[in-house]
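There are 2 protein chains.
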Amino acid sequence: MSERAGRRKSRGRDAKRAARQQAQVQTTAFIDRNIPYFDVLNEESLELIEYNADTVLEEIGIEFRDDPEALSILKDAGADVDGERVRFPRGMCRSIIQASAPSEFVQHARNPARNVIIGGKRTVLVPAYGSPFVRDLDEGRRYATLKDFQNFVKLAYMAPSMHHSGGTVCEPVDVPVNKRHLDMVYSHIKYSDKPFMGSVTHPDRAQDTVDMAKVVFGEEFIQQNTVCTSLINANSPLTFDATMLGAAKVYARNNQATVISPFILAGAMSPVTTAGTATQILAEAMAGMAFVQLVKPGAPVIFGTFASAVSMQNGAPTFGTPEPSLILYAAAALARRLGVPFRSGGGLCASKTADAQAAYESANTLQTAALAGVNFMLHTAGWLEGGLSMGYEKFVMDCDQASMIEVLLKGMDMSENGQAMDALREVGPGAHFLGSAHTQANFEDAFYRSTVADNNSFEQWSAEGELDCAQRANVLWKKALNDYQAPELDPAIDEALLDFMTRRKAAFPDKDY
Amino acid sequence: MSERAGRRKSRGRDAKRAARQQAQVQTTAFIDRNIPYFDVLNEESLELIEYNADTVLEEIGIEFRDDPEALSILKDAGADVDGERVRFPRGMCRSIIQASAPSEFVQHARNPARNVIIGGKRTVLVPAYGSPFVRDLDEGRRYATLKDFQNFVKLAYMAPSMHHSGGTVCEPVDVPVNKRHLDMVYSHIKYSDKPFMGSVTHPDRAQDTVDMAKVVFGEEFIQQNTVCTSLINANSPLTFDATMLGAAKVYARNNQATVISPFILAGAMSPVTTAGTATQILAEAMAGMAFVQLVKPGAPVIFGTFASAVSMQNGAPTFGTPEPSLILYAAAALARRLGVPFRSGGGLCASKTADAQAAYESANTLQTAALAGVNFMLHTAGWLEGGLSMGYEKFVMDCDQASMIEVLLKGMDMSENGQAMDALREVGPGAHFLGSAHTQANFEDAFYRSTVADNNSFEQWSAEGELDCAQRANVLWKKALNDYQAPELDPAIDEALLDFMTRRKAAFPDKDY
Numbered sequence: 020m021s022e023r024a025g026r027r028k029s030r031g032r033d034a035k036r037a038a039r040q041q042a043q044v045q046t047t048a049f050i051d052r053n054i055p056y057f058d059v060l061n062e063e064s065l066e067l068i069e070y071n072a073d074t075v076l077e078e079i080g081i082e083f084r085d086d087p088e089a090l091s092i093l094k095d096a097g098a099d100v101d102g103e104r105v106r107f108p109r110g111m112c113r114s115i116i117q118a119s120a121p122s123e124f125v126q127h128a129r130n131p132a133r134n135v136i137i138g139g140k141r142t143v144l145v146p147a148y149g150s151p152f153v154r155d156l157d158e159g160r161r162y163a164t165l166k167d168f169q170n171f172v173k174l175a176y177m178a179p180s181m182h183h184s185g186g187t188v189c190e191p192v193d194v195p196v197n198k199r200h201l202d203m204v205y206s207h208i209k210y211s212d213k214p215f216m217g218s219v220t221h222p223d224r225a226q227d228t229v230d231m232a233k234v235v236f237g238e239e240f241i242q243q244n245t246v247c248t249s250l251i252n253a254n255s256p257l258t259f260d261a262t263m264l265g266a267a268k269v270y271a272r273n274n275q276a277t278v279i280s281p282f283i284l285a286g287a288m289s290p291v292t293t294a295g296t297a298t299q300i301l302a303e304a305m306a307g308m309a310f311v312q313l314v315k316p317g318a319p320v321i322f323g324t325f326a327s328a329v330s331m332q333n334g335a336p337t338f339g340t341p342e343p344s345l346i347l348y349a350a351a352a353l354a355r356r357l358g359v360p361f362r363s364g365g366g367l368c369a370s371k372t373a374d375a376q377a378a379y380e381s382a383n384t385l386q387t388a389a390l391a392g393v394n395f396m397l398h399t400a401g402w403l404e405g406g407l408s409m410g411y412e413k414f415v416m417d418c419d420q421a422s423m424i425e426v427l428l429k430g431m432d433m434s435e436n437g438q439a440m441d442a443l444r445e446v447g448p449g450a451h452f453l454g455s456a457h458t459q460a461n462f463e464d465a466f467y468r469s470t471v472a473d474n475n476s477f478e479q480w481s482a483e484g485e486l487d488c489a490q491r492a493n494v495l496w497k498k499a500l501n502d503y504q505a506p507e508l509d510p511a512i513d514e515a516l517l518d519f520m521t522r523r524k525a526a527f528p529d530k531d532y
Numbered sequence: 020m021s022e023r024a025g026r027r028k029s030r031g032r033d034a035k036r037a038a039r040q041q042a043q044v045q046t047t048a049f050i051d052r053n054i055p056y057f058d059v060l061n062e063e064s065l066e067l068i069e070y071n072a073d074t075v076l077e078e079i080g081i082e083f084r085d086d087p088e089a090l091s092i093l094k095d096a097g098a099d100v101d102g103e104r105v106r107f108p109r110g111m112c113r114s115i116i117q118a119s120a121p122s123e124f125v126q127h128a129r130n131p132a133r134n135v136i137i138g139g140k141r142t143v144l145v146p147a148y149g150s151p152f153v154r155d156l157d158e159g160r161r162y163a164t165l166k167d168f169q170n171f172v173k174l175a176y177m178a179p180s181m182h183h184s185g186g187t188v189c190e191p192v193d194v195p196v197n198k199r200h201l202d203m204v205y206s207h208i209k210y211s212d213k214p215f216m217g218s219v220t221h222p223d224r225a226q227d228t229v230d231m232a233k234v235v236f237g238e239e240f241i242q243q244n245t246v247c248t249s250l251i252n253a254n255s256p257l258t259f260d261a262t263m264l265g266a267a268k269v270y271a272r273n274n275q276a277t278v279i280s281p282f283i284l285a286g287a288m289s290p291v292t293t294a295g296t297a298t299q300i301l302a303e304a305m306a307g308m309a310f311v312q313l314v315k316p317g318a319p320v321i322f323g324t325f326a327s328a329v330s331m332q333n334g335a336p337t338f339g340t341p342e343p344s345l346i347l348y349a350a351a352a353l354a355r356r357l358g359v360p361f362r363s364g365g366g367l368c369a370s371k372t373a374d375a376q377a378a379y380e381s382a383n384t385l386q387t388a389a390l391a392g393v394n395f396m397l398h399t400a401g402w403l404e405g406g407l408s409m410g411y412e413k414f415v416m417d418c419d420q421a422s423m424i425e426v427l428l429k430g431m432d433m434s435e436n437g438q439a440m441d442a443l444r445e446v447g448p449g450a451h452f453l454g455s456a457h458t459q460a461n462f463e464d465a466f467y468r469s470t471v472a473d474n475n476s477f478e479q480w481s482a483e484g485e486l487d488c489a490q491r492a493n494v495l496w497k498k499a500l501n502d503y504q505a506p507e508l509d510p511a512i513d514e515a516l517l518d519f520m521t522r523r524k525a526a527f528p529d530k531d532y
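Chains as they are written, first to last, in the working numbering: chain P, 20 to 532; chain Y, 20 to 532.
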């Protein structure tokens, strides 16, 4: 496995470490897709959206706010900079991206068996991100704490379907805003060995993330490899702010990956149509990705999309409805044509609880993201209430769905065993297959076994207390936390990380922004 | 709109009636798809399954049980009949089907505005079928009654997303088995004006269905047109029984449509692999459809598929898992290649209640059926507990999802208004679109508005009692039944139907089979 696949060549490495990794990589830690993508648009429609996005970039432009350095970089590259408004000659952004952005890249985990390849036919499933609240059946909804954050890192570590530890899996609001990024990054490293995301709320916090990664991976390794993928949201419509630009610059200059992600509540932050929204998404993502490539050619970037449709009745974001699905299918195809990895959300929903609404909405979103060909699927598990709340039961349910997506994307086994002609010959009309030799040989791995579904008879279900899905999930997350065992971490690294955190925390007074 | 599209030409009609219909048809009563199908298999894999299915038909064969006439018809057509085992020379079934089966057909409703076209790019959404139990939040699970049956006919009549009244929407177990078909057909006609399905539990009951349809549509009209679509399940593996064959013959000879549907709990009634199951489905469906074409060339037939994966732990059917989705995508493609309409299930689930399990499973199935290109989507709404129970709340939730499928299949509006470049120019960076002229002009129809989702703030949801999705659906179905108004029915027809029922019921003692 090359350190960095795609257009960008690997540029050397810590040979010892690489050899050690090579030896340990035994399982694929992500989904390698074996079925086609689903496209809703034909070539002509995709070209029209691409043309319109270039018109947006050329005529309307993008604002890069409060960041003179960014404006200077863009101007030097040939953009038309008017105050903070930046207009791009037709085709400029695409050319810059295609000249240097990798079509896929490896994000290294501290356990090399968990390394993920992001891009191409791979799908990496990632927990939900950013909720200030958590919810469980026992205590209902409450502000998230560092303890909750650690719990979700542990749950993601134990879930076979989660390929990634995520980032701000919930906001640890019991830690000051200007210090909590340290605890979050530390928790990802300490309680999991899966890859993780870094802080983006201030350039200094991005730098802290990189510095902590250096403690774990070594300075030299970091300079040559990507160990962190971070989420840079556009301030839609058509705006990037200094905070996000600052964090993006830090990560790019350190060779770390960024997701450039229009964050769109369609109808409020974009036009009230699917084609118009897809156009805006492409324009924003191209502008942001081109900027990153100008900062550091070859730094990994991911084309992000987050699209919800705003309710025209009350202005609230809605999820799992058909319009965002159409937008997502279009955006995935546009990213493939651009030749960069694609990110969107998995189990999105507006429901306040892990009820049928949550499940319908999440399943609709997850199916769409899977079939569209999302490479980096943020928010795959746990998301409730438009992202305001992270649900313990919801997390367990979504992980089960995520495992099913892996089976779906593997496709149909067309081997001789898969064709099963011997079984058909053996059993014949009117008999049953349960005892056949073919069934006996295959039943262990034959069909996906859900962790939370109850498929028993009504009578048995009734005798067991008529538990609903959320109640069963409640038992499962508690058992998982109870069974949790931390992955090994070199005590010297642990100590160095704690030392770094202590020094950084002491350097500033607590702040809530 | 031609009376019968596709290969089969319309053969004359009651001109007056047709003219009257023509005048009344104002809305399309089904979905006309505008996005591609999703295929998981490539050409080579599809050809392999077709080859294997022909091997099954040639080497293993299909049993046609307890129906000497069927065997005689098949023998005369060139099949190798050995006892009740019928083997078909390679390619024979396909040739027979392609020679006379229509690629699409009109099923007439008593209200011509509700006529549906089944086949091609159309999707017709149909309620669930066959449950002995019903469930609602107030009374839990109980045996279904005729009152429940009528309630579901009324609910389907009022649901914009249901294009069809269905068949045995639940079993009215308070009516004797040998008489309840009369009440079911009468209820479909009396309480709805959407198209419906007929009885298949005995050839005489199929004939009763046809005779009642004659009362409504007129003898001559029936002979020229399809007004009834009925469900003929194979007795998988590789078997058709006399009951189903008898009903199929009655419908075919009366020019009425049949769905020839392998009913498969994979692993028990088919091999424990997806490719093996798809092979068996194709073999069974081809044998059944070829038989129908031999009985009456040109009678409408639909390629049916019902596939669940059996739990290898307890033998229970499971739903919403990835393997049946793969089978469904394959079967839909195989039906298209054969050139006949395709039927599968919509909102299938194993859950006992309308909880998150039910919703995840139903959404997974519905998304798959929609993207695969199902033409006649049975079980779109209400299904619980593997079909043992019909849920009132579930019905309302599924209808909401079904409405979303209609929007999804319409695809992206690429018109100038859809492209929304004016909106992007008007609003520009950093502003919002809510007040823009384009939003104002489009917001009414812009985004799908869910009937059961709660997208309000946590605080508002909380103030309104923290109702979950099922509790909100409970309010909605009661309101719908309360608001229900029966469609007009000519009193003379009503009287004739009641008279027919009275005579038929008096002709036999009650029986429970």
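We put the CB at the ideal spot given by N, CA and C, even for glycine. Keep in mind the model is a prediction, meaning the values are calculated, not measured.
Neighbouring residues, chain P, relative to residue i (Cβ below 7 Å)
{"i": "H451(Y)", "result": "A287, M288"}
{"i": "P341(Y)", "result": "M423, V426, L427, Y467"}
Minimum Cβ-Cβ distance from residue i to chain P less than 8 Å
{"i": "R468(Y)", "result": "yes"}
{"i": "S344(Y)", "result": "yes"}
{"i": "C112(Y)", "result": "no"}
{"i": "N252(Y)", "result": "no"}
Residue i at chain Y interface by Cβ criterion, 8 Å
{"i": "R160(P)", "result": "yes"}
{"i": "D193(P)", "result": "no"}
{"i": "A393(P)", "result": "Residue identity check: residue 393(P) is Val in the sequence provided, not Ala. So no, V393(P) is outside the interface."}
{"i": "W480(P)", "result": "yes"}
{"i": "A421(P)", "result": "no"}
{"i": "T337(P)", "result": "yes"}
DSSP-derived helix/strand/coil call for residue i
{"i": "E425(P)", "result": "helix"}
{"i": "S408(P)", "result": "strand"}
{"i": "C368(Y)", "result": "coil"}
{"i": "I81(Y)", "result": "strand"}
{"i": "Y162(P)", "result": "strand"}
{"i": "G430(Y)", "result": "coil"}
Cross-chain neighbours of residue i in chain P, by beta carbon under 8 Å
{"i": "S330(Y)", "result": "F466, R468, N474"}
{"i": "D432(Y)", "result": "T292, T293, A294"}
{"i": "P448(Y)", "result": "I79, G80, I81, E82, R104, P256, L257, T258"}
{"i": "T399(Y)", "result": "In chain order: nothing, as chain P lies at least about 14 Å away."}
Within chain Y, partners of residue i - CB distance below 8 Å
{"i": "G437(P)", "result": "T292, T293, A294, G295"}
- prompt: Is the stretch 116 to 132 of chain Y touching the stretch 316 to 329 of chain Y in the sense that three or more CB pairs, one from each, lie closer than 8 Å?
  reply: Three or more beta-carbon pairs drawn from the stretch 316 to 329 of chain Y and the stretch 116 to 132 of chain Y are found closer than 8 Å, and the two stretches are therefore classed as touching.
- request: Report yes or no: do the stretch 207 to 224 of chain P and the stretch 232 to 249 of chain P share at least 3 C-beta pairs separated by less than 8 Å?
  value: yes
- prompt: Any chance the stretch 170 to 186 of chain P sits against the stretch 381 to 394 of chain P, with 3 or more Cβ pairs inside 8 Å?
  reply: no
message: Counting only Cβ-Cβ distances shorter than 7 Å, please list the residues of the stretch 42 to 72 of chain Y near chain P, keeping chain order.
response: I54, P55, F57, D58, V59, L60, S64, L67, N71
- request: Name, going along the chain, the residues of the stretch 87 to 103 of chain P whose beta-carbon falls closer than 8 Å to a beta-carbon of chain Y.
  value: Cβ contacts with chain Y come from no residue of the stretch 87 to 103 of chain P.
The stretch 355 to 381 of chain P: positions lying closer than 8 Å to chain Y by Cβ: Listed by position along the chain: A369, S370, K371, T372, A373, D374, A375, Q376, A377, A378, Y379, E380, S381.
message: Taking 8 Å as the cut-off, does the stretch 245 to 264 of chain P touch the stretch 78 to 86 of chain P (at least 3 CB pairs, one atom from each stretch)?
response: Below 8 Å, enough C-beta pairs join the stretch 78 to 86 of chain P and the stretch 245 to 264 of chain P to call them touching: three or more.
Members of the stretch 479 to 511 of chain P that neighbour chain Y once the beta carbon cut-off is set at 7 Å: For the stretch 479 to 511 of chain P, the beta-carbon criterion of a distance under 7 Å to any beta-carbon of chain Y is satisfied by W480, D487, C488, A489.
query: Which of the residues in the stretch 163 to 197 of chain Y, read from start to end, lie with their CB under 7 Å from any CB of chain P?
result: Across the stretch 163 to 197 of chain Y, no CB contact with chain P closer than 7 Å is found for any residue.
- request: Below 9 Å between beta carbons is the criterion; list the residues of the stretch 293 to 321 of chain P that meet it against any residue of chain Y, in chain order.
  value: The residues in question are T293, A294, G295, T296, A297, T298, Q299, A302.
message: Check whether the stretch 301 to 311 of chain Y and the stretch 65 to 73 of chain Y are in contact - that is, three or more C-beta pairs closer than 8 Å.
response: Three or more beta-carbon pairs separated by less than 8 Å link the stretch 301 to 311 of chain Y to the stretch 65 to 73 of chain Y, which places the two stretches in contact.
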